[in-house]
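Asker: Quick note: the sequence shown, position 151, residue 151 per UniProt numbering, numbers continuous. Quick reminder that beta carbons are idealized off the backbone N, C-alpha and C, glycines included. This is the structure I have questions about; it appears just below.
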Amino acid sequence: MPRSTAGDGGTDKGFHGILIAPYPEMGAVFTPIARRMGCRLRVVVGQEDAAVAVARATPPDDCDVFLSRSINVAFLKRHTAVPVVAIEMTAMDLLRLLLPDVGKVRRVAWFRYAGPLRDVDCVAGVLGMEIRECLFRSRAEARDMAAELEPGSVDLVVGGTYVRDFVAPLGFSTRQFRVDEETAARCLREAAAIAEARRLERRRAARIHAVFNAVSEGLLVLDEKGAVSHVNTSAARLLKRTPEDLLDKDIRAAVPGGFLGGEGLPDRAERGRVRDIGGVTLVVNRVPVAVQGKSAGLVFSFSDAGSIRRAEGRLRSSLKACGFTARYTFADIEARSPVMRQVKELAALYASTDANLLICGESGTGKEIFAQSIHAGSRRVDSPFVAVNCAAIPEGLLESELFGYEEGAFTGARRQGKAGMFELAHTGTLFLDEVGDLPLLLQGRLLRVLQEREIVRVGGTQVIPLDVRVICATNRDLEDLVRRRLFRADLYYRLNVLNLTLPPLRERSEDIVPMAVSRLRKHLRPTPPADVMERALGPLLTRRAWPGNVRELFSVLERLALIANHTGAGTAGGRDWARLLARVWQGADPALESPPGEACAADLRTQVRALERKIIETALAATGQDLGAAARRLGISRMTLWRKLQP
């Protein structure tokens with residue numbers, strides 16, 4: 001039985017090693033040095049059988065390194081994955097061992113395990129001796145070599161414990177190699193370096209293992225022959241196998257027809273390939289591994305197509321939470337007038353299809369409210385509703401806002417790139433307001449997207465498929481723009497598959513009072529009875545032309561409620577609405593009101609433009625010619641205001 005002694009210095013700052021010592025004195029040399037180095041060293045005295053027993057009984061994680069001599073090293077390496085440091089006799093050790101015998105000994109036999117040692121001839125020359133190396137590879141071979149020694153053929157035999165066991169009993173003069181402190185320190189330093197490298201490798205492997213198994217994607221790594229060298233738990237689960245079913249197996253046999261076919265490994269990358277493997281639809285990516293230009297394997301990453309769809313759904317939900325959602329439905333649209341009821345019914349019909357839709361109408365008629373209501377009434381209701389005002393974004397930025405861009409596409413681009421509005425609206429609805437202001441260059445790109453249902457980001461090469469319904473709106477006469485070559489005819493026909501024309505407020509006077517009463521009752525305190533408000537406000541509101549349409553009406557009502565609540569004029573049911581409205585309209589042009597029965601000399605379009613111009617001039621005068629402030633006061637964009645000021 002091997003004997004064991006403890007050389008534990010009580011600290012973990014060094015390594016944990018096991019010394020297989022052929023004689024007890026070796027442990028006595030190593031132990032104090034190991035303690036000074038902060039290493040935990042366990043000493044086991046014994047030979048081959050002891051080495052094998054300890055190697056088999058020691059889990060790899062319980063020991064950083066073994067140390068031993070001679071044939072024990074070979075036994076240990078065959079029975080453990082733990083690194084082994086060989087305590088070898090060097091030429092300098094041989095020199096020190098034989099130095100006392102100079103002039104006394106001429107012929108020396110050196111029994112040692114393994115291959116020849118360099119500089120033995122040099123040592124022999126320095127000492128004036130003949131040194132014969134007797135190399136053995138087993139205990140039996142050492143015994144046979146000892147038996148073959150002829151008496152008188154050598155003056156001295158040196159070596160390890162086998163010299164003591166097999167040669168000394170034959171009557172030869174022997175000297176046993178003993179480890180000194182210098183050799184012990186050298187071996188312990190080597191062991192410490194190996195242990196540290198092993199610890200670093202373990203940490204690196206643990207991190208890689210954690211990363212490998214943390215990803216939800218399946219990962220398979222093949223070697224140059226197509227055998228599986230690494231597999232994570234997600235891959236095994238998706239392939240309905242255990243890791244043991246795959247590791248070290250040829251992938252063609254382990255997953256027939258799944259990843260590889262034929263001989264050899266493909267040398268090109270492949271992304272987004274849809275494959276049916278074992279009854280599961282997977283989206284597979286393939287990346288070749290090359291070392292010095294030669295194929296060294298493949299890496300496959302793959303996901304369940306169903307999980308991708310579910311993740312995409314969660315992403316769309318998060319986009320809705322960020323504001324990409326429709327806030328209005330058809331229930332929010334007042335439609336007592338016959339013309340508005342027809343428009344609302346037509347819009348509800350359009351909600352049942354995915355065809356492109358063009359909404360036309362003057363500024364402030366509620367084009368976006370209709371777009372949101374159509375989205376809310378469609379099958380895309382749970383997906384994003386993304387609105388873009390084409391006139392509000394500078395032309396230089398509009399392309400990247402719509403189509404997105406890749407990293408480095410232009411100066412100032414985000415490092416990771418950016419998804420455009422089309423991508424954000426995937427599976428939902430993209431609303432392009434004021435599409436008539438879209439530059440001609442972008443009109444061509446928009447046409448291609450509508451035709452092909454795919455985009456390429458600015459600065460990118462990857463084609464991104466889309467599932468988006470496009471609803472456009474304009475307050476301009478697109479047919480006139482087409483005739484003037486300011487708008488592409490092919491894009492106009494592509495957008496105008498379905499058409500919805502919203503009437504101005506003056507053509508739906510039946511809706512003015514109900515909208516006004518509903519709006520005011522939300523803000524007035526105390527709240528007057530609805531019938532009283534209808535009788536009081538009806539004649540006052542319906543006689544106005546409302547060139548700003550619903551947007552202007554709501555702006556007037558907001559000011560009216562603010563003044564009424566502040567002044568407390570009249571009782572809840574008897575406020576002097578005419579006086580309050582006069583305060584709201586103070587400074588407004590009399591032409592904004594249309595006296596009943598008065599014939600219009602000019603056509604309606606000319607009148608509206610003249611009234612619109614007067615409203616804009618009034619707003620500019622009130623804001624000191626500040627375009628931004630005037631635009632906010634009018635409830636329109638700065639770009640729209642600038643355009644309306646052009647002759």
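If I follow the unbroken alpha helix (DSSP H) through His230, where does it start and stop?
Answerer: Counting along the chain, His230 falls outside any alpha helix (DSSP H), though it belongs to the beta strand (DSSP E) covering 228-231.
Asker: If I measure Cβ to Cβ from Phe487 and keep anything under 6 Å in the same chain, skipping five residues before and after, which residues do I get?
Answerer: Excluding positions up to five away in sequence, the list reads Leu478, Leu481.
Asker: Starting from the Cα of Ser303, find the closest Cα among Thr174, Glu507, Glu190, Arg286 and give me that residue.
Answerer: It is Arg286 whose Cα lies nearest to the Cα of Ser303.
Asker: Excluding the 5 residues flanking Val167 on each side, which residues of the same chain have their C-beta closer than 6 Å to its C-beta?
Answerer: Excluding positions up to five away in sequence, the list reads Ala146, Val157, Thr174.
Asker: How would you label Phe204, buried or exposed, when you count the other beta carbons within 10 angstroms and need 16 or more for buried?
Answerer: Per the sequence presented here, residue 204 reads as Arg, with Phe not at that position. So Arg204 counts as exposed.
Asker: Counting pairs of beta carbons, one from the segment 106-122 and one from the segment 130-142, are three or more of them closer than 8 Å?
Answerer: As far as the Cβ criterion goes, the segment 106-122 touches the segment 130-142, which means the pair count is three or higher.
Asker: Taking the continuous alpha helix (DSSP H) assigned at Ala57, which residues delimit it?
Answerer: Looking at the DSSP string, the run of the alpha helix (DSSP H) that includes Ala57 is 48-57.
Asker: Hey, would you say Leu298 sits closer than 8 Å to Leu247, going by beta carbons?
Answerer: Taking 8 Å as the Cβ cut-off, Leu298 and Leu247 do not qualify as a contacting pair.
Asker: Given a cut-off of 8 Å, decide if Gly404 and Glu423 are closer than it, judged by their beta-carbon atoms.
Answerer: Yes, Cβ-Cβ distance for Glu423 and Gly404 is below 8 Å.
Asker: Would a C-beta distance cut-off of 8 Å place Ser301 and Leu239 closer than the cut-off?
Answerer: No; because the gap between Cβ atoms is not below 8 Å, this pair is not in contact.
Asker: Between Asp119 and Thr90, what straight-line distance do the alpha-carbon atoms span, to the nearest angstrom?
Answerer: Distance between the alpha carbons of Asp119 and Thr90 is about 9 Å.
Asker: So Arg390 and Leu438 are in contact, right, with Cβ under 8 Å, and what is the actual spacing, rounded?
Answerer: Correcting the residue type first, residue 390 is Cys in the shown sequence and not Arg. Sure, about 5 Å apart at Cβ, within 8 Å.
Asker: Taking the runs of the beta strand (DSSP E) that are 3 residues or longer, which of them lie wholly in the segment 53-130?
Answerer: Within the segment 53-130, the complete beta strand (DSSP E) runs of at least 3 residues are 65-68, 84-86, 107-113.
Asker: What residue range is occupied by the uninterrupted beta strand (DSSP E) comprising His16?
Answerer: From DSSP, the beta strand (DSSP E) with His16 extends over 16-21.
Asker: So for Ala610, helix, strand or coil by DSSP?
Answerer: DSSP places Ala610 in helix when its eight states are reduced to three.
Asker: Let me check understanding here. Comparing Cα to Cα, which of Arg525, Ile131, Pro547 lies closest to Asn565?
Answerer: Measuring from the Cα of Asn565, the nearest candidate turns out to be Arg525.
Asker: Are the beta-carbon atoms of Val550 and Gly366 separated by less than 8 Å?
Answerer: Against a cut-off of 8 Å, the Cβ pair of Gly366 and Val550 comes out as a contact.
Asker: Would you check if the distance between the CB atom of Glu130 and the CB atom of Arg106 is smaller than 8 Å?
Answerer: Yes; because the gap between Cβ atoms is below 8 Å, this pair is in contact.
Asker: Report the CB separation of Gly226 from Leu282 in whole angstroms; it is logged as a contact under 8 Å.
Answerer: About 18 Å; that fails the 8 Å criterion.
Asker: Let's test the definition: count the other Cβ atoms within 10 Å of the Cβ of Trp642 and tell me whether it reaches 16, buried, or not, exposed.
Answerer: Label assigned to Trp642: exposed.
Asker: Around the C-beta of Arg535, are 16 or more other C-beta atoms found within 10 angstroms, so that it is buried, or is it exposed?
Answerer: It is exposed - the Cβ of Arg535 has fewer than 16 other Cβ atoms within 10 Å.
Asker: Could you check whether the Cβ of Ala55 sits closer than 7 Å to any heavy atom belonging to the ligand GDP?
Answerer: Looking for the ligand GDP in the displayed structure turns up nothing, as the structure carries no ligands at all.
Asker: Pick helix, strand or coil for Leu493, following the three-state DSSP scheme.
Answerer: Here residue 493 is Tyr; the residue named in the question, Leu, does not match the sequence. Correct three-state label for Tyr493: helix.
Asker: Would a C-beta distance cut-off of 8 Å place Arg506 and Ala545 closer than the cut-off?
Answerer: Contact: yes.
Asker: DSSP has Arg638 in a bridge; who is on the other side?
Answerer: Per DSSP, none; premise fails for Arg638.
Asker: Taking the alpha carbon of Arg453 as the reference point, which residue from Ala489, Leu440, Arg483, Arg494 has its own alpha carbon closest?
Answerer: When each option's Cα is compared against that of Arg453, the closest is Arg494.
Asker: Which full runs of the alpha helix (DSSP H) of 4+ residues lie inside the segment 338-422, going along the chain?
Answerer: The segment 338-422 contains these whole alpha helix (DSSP H) runs: 338-350, 367-376, 395-403.
Asker: For Ala191, collect the residues of the same chain with a Cβ closer than 7 Å to its Cβ; drop the 5 residues on either side in sequence, then sort them by chain order.
Answerer: So the qualifying residues of the chain are Phe15, Gly17, Val65, Leu67, Val85.
Asker: By Cβ distance below 7 Å, which residues in the same chain neighbour Asp490 in space, the five residues on each side in sequence not counted?
Answerer: If we look at Asp490 and ignore the five residues flanking it on each side, its Cβ neighbours are Leu447.
Asker: Could you compute how far the alpha carbon of Val231 sits from the alpha carbon of Leu430?
Answerer: Each residue's alpha carbon lies about 42 Å from the other.
Asker: Can you look up Lys240 in the DSSP assignment and give me helix, strand or coil?
Answerer: DSSP places Lys240 in coil when its eight states are reduced to three.
Asker: Label Arg69 either buried or exposed according to how many other C-beta atoms from any shown protein chain fall within 10 Å of its C-beta, with 16 as the threshold for buried.
Answerer: It is buried - the Cβ of Arg69 has at least 16 other Cβ atoms within 10 Å.
Asker: Could you say which of Val470, Val449, Arg476 lies nearest to Val463 if we only look at CA atoms?
Answerer: The shortest Cα separation from Val463 among Val470, Val449, Arg476 belongs to Val449.
Asker: Tell me, which residues are paired with Thr427 by DSSP?
Answerer: Thr427 is not bridged to any residue.
Asker: So is Ile208 buried or exposed if we call it buried at 16+ other beta carbons inside 10 Å?
Answerer: By the neighbour-count rule (16 or more Cβ atoms within 10 Å), Ile208 is not buried but exposed.
Asker: Can you pull the DSSP bridge partners for Arg275?
Answerer: For Arg275, which the question treats as bridged, DSSP gives the partners Leu282.
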